[in-house]
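**Q** Just so you know, the protein sequences line up as chains A and B, in that order.
The letter at position 38 of the first sequence is residue 38 when you use our numbering, and the numbering goes up by one with no holes.
The letter at position 18 of the second sequence is residue 18 when you use our numbering, and the numbering goes up by one with no holes.
Got a structure for you, written out below as structure tokens; questions coming shortly.
There are 2 protein chains.
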Amino acid sequence: MPNLDAAFSALSDPTRRAILARLALGEATVMQLAEPFEMTQPAVSKHLKVLETAGLIVRRVEGAKHPCRLANDGMEAMDRWLEMLRTALAKNYDRLDAVLAAMPKESKAAKKKGRKTR
Amino acid sequence: MPNLDAAFSALSDPTRRAILARLALGEATVMQLAEPFEMTQPAVSKHLKVLETAGLIVRRVEGAKHPCRLANDGMEAMDRWLEMLRTALAKNYDRLDAVLAAMPKESKAAKKKGRKTR
DNA sequence: TTTGAAAATAACTGATAAGTTATATAAATT
DNA sequence: AATTTATATAACTTATCAGTTATTTTCAAA
């Protein structure tokens, strides 16, 4: 799945995540999206292209303006993949619960603290 | 959140996703993880460091071996952020449903096909 | 039909990242 | 003690990427 590379890579940049957060509020043109950033217009255009290629946004042409909005494809691809990790983590979690359940009561509390591996 | 950068960036590489998929089956040492790849051991070590920094895996030391397993932190950070996007997309989806509901019956079917923005 | 605004593209620069080989450290084995 | 195995680190190369400025395309408005 080459799309996964693009989708995750797109989200690894804070500027692009901010753009998506803005689009979560509704459609916006390139200029509107560029406004809050200390960055040139071409830079934002490139970010948008990255997001579009990753299937995270779509654009429509409305005269000279090109309003962008969120798209599903990228998210769906990531979610499908992440689901695998989520269930694996849940399984480990359950296994740990089983181990803890089999332990003498006193030692449980102390051990439980170390559960969310940091 | 600087961790988000690291987590999404870590998942953007197919080798690292494969490593995580392997770890979803259970703990594995560095050598075990390196085995399926046509890649040197130092390369895999670097990938593991990236995954560890991103909070996606943890390692324990067991003599000369360093078994790795999945960790929660990275996933949680991503999930928290993705939740925002998910709800925004769902909102757009609902809005579209409302628009479609207000349309004459015949034109609905044709329009619905274009729903998953591509 | 010229002017101006919205957006994209091209060519460049500097930083980062993935891979390499060579070497170091540290524990297990003989 | 010497060797082998498991892993990490260092130094380097090449490619990719985020940003820039300069230029181009496309539409709107005068």
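Backbone N, C-alpha and C fix where the C-beta goes; we use that ideal spot for every residue, glycine too.
Remember, predicted model here, so these are calculated numbers, not experimental data.
Looking at the secondary structure, which residues open and close the beta strand (DSSP E) in which B:L70 lies?
**A** Walking along the second sequence from the start, residue 70 of chain B turns up at place 70. Segment 68–70, the beta strand (DSSP E) holding B:L70.
**Q** Which residues in the same chain have their Cβ closer than 8 Å to the Cβ of A:Q41, if we skip the five residues on either side of it in sequence?
**A** Taking the first sequence and counting its residues from 1, one reaches residue 41 of chain A at position 41. Taken in chain order, the residues that qualify are V30, M31, A34.
**Q** Is B:V58 helix, strand or coil when you go by DSSP?
**A** To locate residue 58 of chain B, count along the second sequence from 1; it is residue 58. Three-state DSSP puts B:V58 in a strand.
**Q** Could you please tell me which residues of the segment 16–33 of chain B, in chain order, have their CB closer than 9 Å to any CB of chain A?
**A** Going along the segment 16–33 of chain B in chain order, one finds R17, L20, A21, L23, A24, L25, G26 with a Cβ nearer than 9 Å to chain A.
**Q** In the DSSP assignment, find the alpha helix (DSSP H) that holds A:L51 and state where it starts and stops.
**A** One-based indexing of the first sequence puts residue 51 of chain A at position 51. Its alpha helix (DSSP H) spans residues 41–53.
**Q** Residues in its own chain within less than 7 Å of B:V44 by CB, not counting five upstream and five downstream?
**A** Counting from one through the second sequence, the residue named residue 44 of chain B turns up at place 44. V30, L33, A34, F37.
**Q** Over the uninterrupted alpha helix (DSSP H) stretch that includes A:T15, give me the two end residues.
**A** In the first sequence, counting from the first residue as 1, residue 15 of chain A sits at position 15. Taken as a continuous stretch (DSSP letters only), the alpha helix (DSSP H) holding A:T15 covers 14–23.
**Q** So is B:K116 buried or exposed if we call it buried at 16+ other beta carbons inside 10 Å?
**A** On the second sequence, residue 116 of chain B is found 116 positions in, with the first residue counted as 1. In this predicted model, B:K116 has a pLDDT of only 40, less than 50, meaning its place in the structure is not dependable; the value taken from the coordinates is given anyway. By the 10 Å Cβ count, B:K116 comes out exposed.
**Q** Have a look at A:H47 and A:R16 and give me their C-alpha separation to the nearest angstrom.
**A** Taking the first sequence and counting its residues from 1, one reaches residue 47 of chain A at position 47. Taking the first sequence and counting its residues from 1, one reaches residue 16 of chain A at position 16. The straight-line gap from Cα to Cα measures roughly 6 Å.
**Q** What is the DSSP secondary structure of B:A28, counted as helix, strand or coil?
**A** Translated into positions along the second sequence, residue 28 of chain B becomes position 28. If DSSP states are grouped into helix, strand and coil, B:A28 belongs with the strands.
**Q** Which residues in the same chain as A:P14 place their Cβ atom closer than 7 Å to its Cβ, once the five residues preceding and following it in sequence are excluded?
**A** Here residue 14 of chain A is taken as the residue at index 14 of the first sequence, counted from 1. Taken in chain order, the list of residues that qualify is empty.
**Q** Secondary structure at B:G74, three-state DSSP: helix, strand or coil?
**A** On the second sequence, residue 74 of chain B is found 74 positions in, with the first residue counted as 1. Helix at B:G74.
**Q** In the DSSP output, what is A:K65 paired with across the bridge?
**A** The count along the first sequence starts at 1 and reaches residue 65 of chain A at position 65. For A:K65, which the question treats as bridged, DSSP gives the partners A:E62.
**Q** Straight-line CA distance for B:M78 to A:M84?
**A** Taking the second sequence and counting its residues from 1, the one referred to as residue 78 of chain B is at position 78. Taking the first sequence and counting its residues from 1, the one referred to as residue 84 of chain A is at position 84. If I take the Cα positions, the gap works out to 14 Å.
**Q** Determine the chain A residues that contact B:P67 at a beta-carbon separation under 8 Å, and present them in chain order.
**A** For the purposes of this step, residue 67 of chain B is taken as residue 67 along the second sequence, with counting starting at 1. Per Cβ cutoff of 8 Å: no residues; B:P67 is ~13 Å from chain A at best.
**Q** Given that B:F37 touches chain A, what residues does it touch there, using C-beta distances under 8 Å?
**A** Numbered from its first residue, the second sequence carries residue 37 of chain B at position 37. Per Cβ cutoff of 8 Å: no residues; B:F37 is ~16 Å from chain A at best.
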